[in-house]
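First the structure, in the form of structure tokens, and then the observations on it.
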Amino acid sequence: MLFSKRILVVLDSGPQSRNALHRALLIAERMVCDLELIWVGKSTPWSGIEADMDALAKTEIRFTQEVVTDDLIDAVCKRWKQDHFALLVKGCDPRHSSRKLLAPRDWKLLRNTPCPVLLVKHDHHWAHGRILAAVNTTTHNPALRANNQGILMLAGFIARALDVPLHAVIATPPAMQGAEPEMQSQVLIDQRAQRCAEKVLSDMNLTVDQLHIGEGPPEHWIPNVSKEIDASLVVIGTHARRGMSAALLGNTAERILDRLNTDILVLRAGLSEPLKPLIKEVDTAVS
1 MLFSKRILVV LDSGPQSRNA LHRALLIAER MVCDLELIWV GKSTPWSGIE
51 ADMDALAKTE IRFTQEVVTD DLIDAVCKRW KQDHFALLVK GCDPRHSSRK
101 LLAPRDWKLL RNTPCPVLLV KHDHHWAHGR ILAAVNTTTH NPALRANNQG
151 ILMLAGFIAR ALDVPLHAVI ATPPAMQGAE PEMQSQVLID QRAQRCAEKV
201 LSDMNLTVDQ LHIGEGPPEH WIPNVSKEID ASLVVIGTHA RRGMSAALLG
251 NTAERILDRL NTDILVLRAG LSEPLKPLIK EVDTAVS
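All residue numbers for the sequence shown refer to full-length UniProt numbering, where the first residue is 1 and numbers rise by one.
Okay, here's the thing in structure tokens:
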């Protein structure tokens, strides 16, 4: 198994650190796994969360603590080489600007962390909302198809574990004159997306409570649907684009961060197959 049953939790003086710690604890209790807590930044280590650390010590969850003085990305990569943790949890930074020369820290984590990344934005219990999987089922790219399956697999696992509704959202491109006939009508485009989604779900033996298919860039359509259904978690994929293309274009998962008011679980392309054994093990244990 590539991934261990350990969760790496990144804490700092940011406003969402307490929520990130609470969310990681809830997941650890459900998965019966250990926590690795790392403190980053120049402020006094563990400041502002002392009471939470005391409460954690009284639980049965095993955890370790470490203060990181290196660059966060370097520290995460070093920890990964030592122990292939199954999930990284961090409080989502308040704002992310694509106009800066250097990418925001959260964007760097999404591009470089070789495991799913959960960015926490609130303290609402997931059991009180809906799980929303954001996919692109019309793609012909094999890697992206596999990523879609991974997103649905993760979202479905979480929805089953919490006994909450699972929704899926698909953003379709606008109709274009002069394109292939099925791309000249928005109705035909949406119908194709519907058929492709139903095929993927059937192949995975997975059922969703509702499919939300609509025209528009993903960074607009997905947040609109998330708000409409009051989602508590959005599961989305990323290509982990780097270099000049990342500087100019970014990734959908990155551009969408500031538009969502939910927690965001991001799955990098290529991680679906390695995650299957762990999800199967945990799914069996909690069912």
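Ideal Cβ placement from N, Cα and C applies to all residues, glycine included.
Between residue i and the ligand HEM, is there a pair consisting of the residue's CB and a ligand heavy atom that are separated by less than 7 Å?
i, result
"I7", "Absence of the ligand HEM is noted for the structure shown, with no ligands found whatsoever."
Which of the three DSSP states is assigned to residue i in this structure?
i, result
"G150", "helix"
"V10", "strand"
"L110", "helix"
"L25", "helix"
"L271", "coil"
"D34", "strand"
"E281", "helix"
"S17", "helix"
Roughly how many angstroms separate the alpha carbons of residue i and residue j, rounded to a whole number?
i, j, result
"Q149", "W221", "20 Å"
"G41", "K199", "47 Å"
"I38", "R255", "26 Å"
"E36", "R79", "10 Å"
"T172", "L211", "13 Å"
"L265", "V187", "31 Å"
"P61", "A24", "Inspection of the sequence shows that residue 61 is occupied by Ile rather than by Pro. Looking at the two C-alpha atoms, the distance is approximately 11 Å."
"T262", "S202", "28 Å"
"A197", "S13", "41 Å"
"A168", "T138", "14 Å"
"T284", "V164", "18 Å"
"D52", "Q16", "13 Å"
"A193", "P217", "15 Å"
"L132", "L233", "6 Å"
"T59", "C115", "26 Å"
"G270", "A146", "7 Å"
"D71", "D190", "44 Å"
"D34", "K90", "16 Å"
"A175", "L260", "26 Å"
"N19", "C77", "24 Å"
"M244", "A57", "Below a pLDDT of 50, predicted positions are generally treated as unreliable, and M244, at 39, falls in that range; the measurement from the model is reported next regardless. In a straight line, the C-alpha of M244 is about 45 Å away from that of A57."
"W107", "S185", "35 Å"
"S4", "T207", "28 Å"
"D93", "V10", "12 Å"
"N251", "G237", "9 Å"
Assuming residue i contacts residue j under a Cβ cut-off of 8 Å, what Cβ separation, rounded to an integer in Å, is found between them?
i, j, result
"A127", "L166", "13 Å between Cβ atoms; not a contact."
"residue 288", "N112", "There is no way to answer for residue 288, as the model of the chain reaches only from 1 to 287."
"I229", "R130", "5 Å"
"L278", "A143", "Contact doesn't hold; Cβ gap of about 20 Å is too wide."
"L154", "L267", "6 Å"
"V235", "M31", "At roughly 16 Å, the Cβ-Cβ gap does not stay under 8 Å, so V235 and M31 are not in contact."
"L21", "I49", "6 Å"
Distance cutoff 8 Å, beta carbons only. Does residue i sit that close to anything in chain B?
i, result
"A133", "Note that chain B does not occur in the displayed structure, where there is just one protein chain."
I'd like the ranges of any alpha helix (DSSP H) spanning at least 4 consecutive residues and lying wholly in the UniProt domain "UspA" (155-268).
Along the UniProt domain "UspA" (155-268), the alpha helix (DSSP H) occurs as fully enclosed runs of 4 or more residues at 186-203, 218-229, 243-249 and 252-255, listed in sequence order.
Assess, as a yes-or-no matter, whether the stretch 40-57 is touched by the stretch 117-131 under the definition of 3 or more beta carbon pairs within less than 8 Å.
Taking a cut-off of 8 Å on C-beta distances, the stretch 117-131 does not touch the stretch 40-57, as fewer than three cross pairs fall below it.
Secondary structure, beta strand (DSSP E): runs of 3+ residues fully inside the stretch 40-121:
Runs of the beta strand (DSSP E) lying entirely within the stretch 40-121, each at least 3 residues long, are 63-67, 85-91 and 117-120 in chain order.
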